[in-house]
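Okay, so the sequence shown: first residue is 22 according to the numbering used here, each after it adds one.
By construction, the Cβ of each residue, glycine as well, lies at the ideal position given by its N, Cα and C atoms.
Have a look at the structure below, then the notes.
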Amino acid sequence: MNLLSNIFANSQMTFCGTTLFPGIAHGKVSQLKKVDLQKLCNDTGTVNLVSSELARIDLAVSKSKDQISGFMNNYSHDKNDSSYLIFEAELRFLNDRAFIEIITTTVKNTNRIGESVLADEIVRLKNNVLKCNDAFTGKGLITAQDLYYRILYNMLPDTEDRIPSLLKIPAGSILFADRLAPVEIAVIPIDKVVGILIEECALHSHAAIMIKALEIPVIVNFPGFGSLLDESTDVLIDAYQGELYLNPSDIIINSCQKAEIQHKAISEQINIEGDKSIVQSLDNQILHLKCNASSKSDIHSARSHGITEIGLFRSEILYLANTVMLSDKQETDYYEGLFKIEGIKEITVRLLDLGGDKLPVFLQMEKESDPQLGCRGIRFLLSHPELMKKQLRAILIAHNTLSIRLLLPFITIPRDLADARSIINEVITELKIIDTSVFIGIMIEIPIVALSIKHFLSNVDFVCLGTNDLLQYFCAVNRDQTHLQQYSRFTHPAFLKMLHGLITSCVNHNIDITACGEMASDPIGCTLLAALGTNIFSVHPDSVNQIHQILSKINIKQFQTLLTAIFDFDNADDVENFVKSHI
Ligand code: PEP
Ligand code: MG
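The structure is reproduced here in structure tokens:
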């Protein structure tokens, strides 16, 4: 029986989240949760040292408190926001000793492992919720249940393989997940899933970028929703408004369907307006608009939005989506398919950016303690030259134009670039490629490169500005950590100053710099990038219309006169308010 139908007698409930991809979806929920509660409840294992088990629980509780405080900071501008109030209530529970003592006392008395005791308590609460007829008490029980879940998650290692259950999703489902890893997103059976809900997802994470590319309605970041769902819950996603309805009424369903028809008509109208690859700003500067893509369907989508060039093709997604290594022929066929898409003039292929959170299942990559600071991108390729050559051969054999643009991920020092160049040259010689120009560029996504760019510029044909990672490493905040994102803002004046120096150097050396991180797809972000001197923007296909409109309406020269004032602020909020007041 559905939890909600019991507590709230089939009443409709609405939750708000953040839209990752707009649209309307309606269906039954299919859940992907990290925890198999029953298995944990049945675990009869005991601990040798109760004190160390209590310390583990204590650590998970502190981690939960930090996460929730982080979420609250994200909403601190509006303390009456319902999300803020939910987090505040959750923090009160966690600070109440009795709440944790229910768990720790059982561990002390029985020597059972913490995870198993927490699972028992969650099931007990779930049963109480089912018996409860009073909505107020029901909500309190659900909050408690949600918090024990959070503590439990924080005690478990991150290794459970959920891919098999993901592959078995029934057709027409709304996929609900607590979190999704890139390797899981790459195998989502997209013909079966009509919409996606993710309880926690940082907006600039690889996960968020890959999810957007699926082009189905997605809402993320809504607290306390997961524990209300089970497989039979009827959910309506209105990702135009960032709202989700449980047990939606017919009136809501009808009005969302009407809204969808209107939105589609408007976007079709905009799309038939033609070529969007060039934008003229208000002060007549010429800017170029390209798209980011990670699949053939992204490229088609870019084309249908009036774009003819792919500024960043994330090639690693092919590897993440496969459970076995592709043969040389399969890989070449894949690139041939990409290169012959009609209307696309140029694709910049980024070589595999593996490592970090992008670990293909078949490569048996070593699990590192700090993967985001580890053997990622070019570091991984240079330590696996055969893999790098295999990809290069596929791209170079498949090319069908006179120029090829290769982009090297995660370059740190000039030596990385030199070593990568010599491997590329080896493959060019091996394949006897003579009449084709191979242009080589680097991603700028590590501060050391942004701050020493002049040492790279004489050896590259172009560069791409990856603000997602650049910000992650500049602010020391993992881009996946939703609750820490208030520390990681591309509008921080210090970050903007660094970008200004970098972009100015590239412009002075006549090297094209393409902004391809999420900052370029953001209204304030693209405005600032234009003021800082960027003239090539590579954005998500779905953002083309909005970014085209914004760029065409700004007076770049006038904005440049404001840069000194912007650099003088000491925080991101002030910069954002200032920019908003001048757009
Ligand atoms: C970036 O880091 O900004 C970028 C474009 O690359 P990715 O998001 O794939 O890491
Ligand atoms: Mg990056």
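Practice item. Please report how far the alpha carbon of H603 lies from the alpha carbon of L572, in whole angstroms. Key: The count along the sequence shown starts at 1 and reaches residue 603 at position 582. The count along the sequence shown starts at 1 and reaches residue 572 at position 551. Using only the alpha carbons, I get a separation of about 13 Å.
Exercise for review: Report yes if the C-beta of K369 is less than 8 Å from at least one heavy atom of the ligand PEP; otherwise report no.
Suggested key: Working through the sequence shown from its first residue, we reach residue 369 at position 348. This sequence places Thr at residue 369; Lys is not what is there. Distance from the C-beta of T369 to the nearest heavy atom of the ligand PEP is not below 8 Å.
Exercise for review: Buried or exposed for P238, please, with buried defined as at least 16 other CB atoms from any protein chain shown within 10 angstroms of its CB.
Suggested key: To locate residue 238, count along the sequence shown from 1; it is residue 217. So P238 counts as buried.
Review point. Is A76 helix, strand or coil by DSSP?
Key: Taking the sequence shown and counting its residues from 1, the one referred to as residue 76 is at position 55. Three-state DSSP puts A76 in a helix.
Point to revise | DSSP three-state assignment for Y266, whether helix, strand or coil | key: Taking the first residue of the sequence shown as 1, we reach residue 266 at position 245. Three-state DSSP puts Y266 in a strand.
Check your understanding: Any heavy atom of the ligand PEP within a distance shorter than 8 Å of the CB on H513?
Key -> In the sequence shown, counting from the first residue as 1, residue 513 sits at position 492. The ligand PEP never approaches H513 closely enough for any of its heavy atoms to be under 8 Å from the residue's Cβ.
**Study point:** Minimum C-alpha distance to F334 - residue among L347, D319 and K86
**Key:** Working through the sequence shown from its first residue, we reach residue 334 at position 313. Out of L347, D319 and K86, D319 has the C-alpha closest to the C-alpha of F334.
Review point. Hey, is N130 close to the ligand PEP, as in C-beta under 8 Å from one of its heavy atoms?
Key: The count along the sequence shown starts at 1 and reaches residue 130 at position 109. It does not: the Cβ of N130 is nowhere closer than 8 Å to a heavy atom of the ligand PEP.
Point to revise | Stretch-stretch touch, CB-based, cutoff 8 Å, three pairs: the region 256-266 with the region 277-290 | key: Between the region 256-266 and the region 277-290 there are three or more C-beta pairs closer than 8 Å, enough to call the two in contact.
Check your understanding: So is the beta-carbon of H227 under 8 Å away from any non-hydrogen atom of the ligand PEP?
Key -> For the purposes of this step, residue 227 is taken as the residue at position 206 of the sequence shown. At least one heavy atom of the ligand PEP falls within 8 Å of the beta-carbon of H227.
Check your understanding: To the nearest angstrom, how far is it from the Cα of R183 to the Cα of I575?
Key -> Position 162 of the sequence shown, counted from the start, is the residue given in the question as residue 183. Position 554 of the sequence shown, counted from the start, is the residue given in the question as residue 575. Straight-line Cα distance between these residues: approximately 46 Å.
Practice item. Go through its chain and collect everything with a Cβ distance to E597's Cβ below 7 Å, but skip five positions before and after it. Key: In the sequence shown, the residue the question calls residue 597 occupies position 576. Closer than 7 Å at Cβ, skipping near neighbours: T512 and I545.
Check your understanding: Does the beta-carbon of P185 have 16 or more other beta-carbons within 10 angstroms, so that it is buried, or is it exposed?
Key -> Here residue 185 refers to the residue found at position 164 of the sequence shown. Per the 10 Å Cβ criterion, exposed.
**Study point:** From T39, L188 and A228, residue whose alpha carbon lies closest to that of S315
**Key:** Start at 1 with the first residue of the sequence shown, and residue 315 comes out as number 294. Selected option, being the one with the closest Cα: A228.
Check your understanding: Where do the N-terminal and C-terminal ends of the beta strand (DSSP E) with E330 fall, by residue?
Key -> Here residue 330 refers to the residue found at position 309 of the sequence shown. Taken as a continuous stretch (DSSP letters only), the beta strand (DSSP E) holding E330 covers E330 to R335.
Check your understanding: So, helix, strand or coil for S51, using DSSP?
Key -> Within the sequence shown, numbered from 1, the residue matching residue 51 stands at position 30. Of the three classes helix, strand and coil, the one that applies to S51 here is strand, per DSSP.
Check your understanding: If we ignore side chains and look at the alpha-carbon of each, how far apart do L41 and I474 end up?
Key -> For the purposes of this step, residue 41 is taken as residue 20 along the sequence shown, with counting starting at 1. For the purposes of this step, residue 474 is taken as residue 453 along the sequence shown, with counting starting at 1. Cα-Cα distance, rounded: 33 Å.
**Study point:** Assigned exposure category for R436 - 16 Cβ within 10 Å defines buried
**Key:** For the purposes of this step, residue 436 is identified with residue 415 of the sequence shown, where counting begins at 1. With fewer than 16 other Cβ atoms inside 10 Å of its own Cβ, R436 counts as exposed.
Exercise for review: Have a look at S458 and L429 and give me their C-alpha separation to the nearest angstrom.
Suggested key: In the sequence shown, the residue the question calls residue 458 occupies position 437. In the sequence shown, the residue the question calls residue 429 occupies position 408. When the Cα atoms are used, S458 and L429 turn out to be separated by approximately 16 Å.
Review point. The ligand MG heavy atoms versus the CB of M540: any closer than 8 Å?
Key: Here the question's residue 540 lines up with position 519 in the sequence shown. Answer for M540: no, Cβ out of range of the ligand MG.
Practice item. Check each residue's C-beta against every heavy atom of the ligand MG and list, in chain order, those closer than 5 Å. Key: Working through the chain, the matches are E466, G487 and D490.
Point to revise | Pick from Q393, G462, M176 and S322 that is closest to G135, judged by C-alpha positions | key: Here the question's residue 135 lines up with position 114 in the sequence shown. Of the listed residues, the one whose Cα sits closest to G135 is M176.
**Study point:** Exposure label - L505; buried when at least 16 CB within 10 Å
**Key:** Residue 505 sits at position 484 when you count from the first residue of the sequence shown. The C-beta of L505 has 16 or more other C-beta atoms within 10 Å across all chains shown, which makes the residue buried.
Review point. Leaving out five residues before and five after K518 in sequence, what residues of the same chain have Cβ atoms less than 7 Å from its Cβ?
Key: The residue you call residue 518 lines up with position 497 of the sequence shown. Here the set comprises F588.
**Study point:** Given T488 as reference, the closest of H476, A541, K453 and L472 once Cα atoms are compared
**Key:** Within the sequence shown, the letter at position 467 stands for residue 488. Per the C-alpha coordinates, the member of H476, A541, K453 and L472 positioned closest to T488 is A541.
Check your understanding: Bridge partners of H10, per DSSP?
Key -> With the chain covering 22 to 604 only, the question about residue 10 has no answer from this structure.
Practice item. Report yes if the C-beta of L333 is less than 8 Å from at least one heavy atom of the ligand PEP; otherwise report no. Key: Locating residue 333 in the sequence shown gives position 312, where the first residue counts as 1. For L333, the shortest separation between its Cβ and any heavy atom of the ligand PEP lies below 8 Å.
Practice item. Could you spell out the range, first to last residue, of the beta strand (DSSP E) harbouring M386? Key: One-based indexing of the sequence shown puts residue 386 at position 365. Careful: M386 lies outside any beta strand (DSSP E) and carries neither H nor E.
Check your understanding: Can you tell which of K379, A46, D440 and I434 has its C-alpha closest to the C-alpha of T409?
Key -> Here residue 409 corresponds to residue number 388 of the sequence shown, with the count starting at 1. According to the sequence displayed, residue 409 carries Met and not Thr. It is D440 whose Cα lies nearest to the Cα of M409.
Exercise for review: Report yes if the CB atom of K60 is closer than 9 Å to the CB atom of V256, and no otherwise.
Suggested key: Taking the first residue of the sequence shown as position 1, residue 60 is located at position 39. Taking the first residue of the sequence shown as position 1, residue 256 is located at position 235. Inclusion of K60 and V256 in the CB contact set at 9 Å is not warranted, their separation being larger than that value.
Review point. How many angstroms separate the CA atom of L403 from the CA atom of S322?
Key: The sequence position of residue 403 within the sequence shown is 382, counting from 1. The sequence position of residue 322 within the sequence shown is 301, counting from 1. Computed Cα separation, rounded: 33 Å.
Practice item. Could you tell me which of T254, V214, D482 and C222 sits nearest to E236, measuring between CA atoms? Key: Your numbering for residue 236 matches position 215 in the sequence shown. Checking every option, the nearest Cα to that of E236 belongs to V214.
Check your understanding: For S83 versus N313, is the C-beta spacing smaller than 9 Å?
Key -> For the purposes of this step, residue 83 is identified with residue 62 of the sequence shown, where counting begins at 1. For the purposes of this step, residue 313 is identified with residue 292 of the sequence shown, where counting begins at 1. It is not a contact, given that the beta carbons lie outside the stated cut-off.
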